[in-house]
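Numbering (this note's numbering), first residue to last: 3 to 130.
We treat Cβ as the ideally placed atom computed from N, Cα and C, and that holds for glycine.
Each remark here refers to the structure printed beneath this line.
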């Protein structure tokens, strides 16, 4: 860790001159986020330290779907908390502008949501 810290201190002036960097977010210079992902993957369906490759892909799919579309699986085995970093650039909900959707687009949107919900329900039923 001492070598890494020294290298970071020596690298900072170079980054300032070449790329006009004001600061370095050191929390992103380690593998903690990757280790957190692996930990979350292992905890899906209980504690399984060595999932098969197919099982690992299914778990990644669950995490992505749960994070991007919690409406698809309301009782998913994994709950993702949004962090301050993810939400600090987003405007408050009351400041978002409404969009207009035609009746055909609205119909297609509901069908796609229903299809996602149905396909996820069938996937969970097969896996359990």
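request  = Please report the Cβ distance between residue 61 and residue 53, rounded to the nearest whole angstrom; I am assuming they are in contact, meaning their Cβ atoms lie under 8 Å.
outcome  = 6 Å
ask   = Are the stretch 9 to 24 and the stretch 33 to 48 touching by the rule of at least three beta carbon pairs closer than 8 Å?
value = no
key: Best match in 56, 50, 46 and 51 for proximity to residue 65 [C-alpha to C-alpha]   = Minimum Cα distance to residue 65 is reached at 46.
query = So what's residue 16 in DSSP terms, helix, strand or just coil?
reply = helix
inquiry  = Spatial neighbours of residue 51 within its chain, please: C-beta separation below 7 Å, excluding the five flanking residues on both sides.
reply    = 44
message = If you reduce the DSSP assignment to three classes, tell me which class residue 10 lands in.
response = helix
query = Given that a residue counts as buried once 16 or more other Cβ atoms are within 10 Å of its Cβ, and exposed if not, what is residue 32?
reply = exposed
ask   = Do residue 10 and residue 28 come within 8 Å of each other at the CB atom, strictly closer than that value?
value = yes
query = From which residue to which residue does the alpha helix (DSSP H) around residue 41 run?
reply = 34 to 45
query = If you drop the 5 nearest sequence neighbours on each side, which residues of the same chain put their C-beta closer than 7 Å to that of residue 58?
reply = 43
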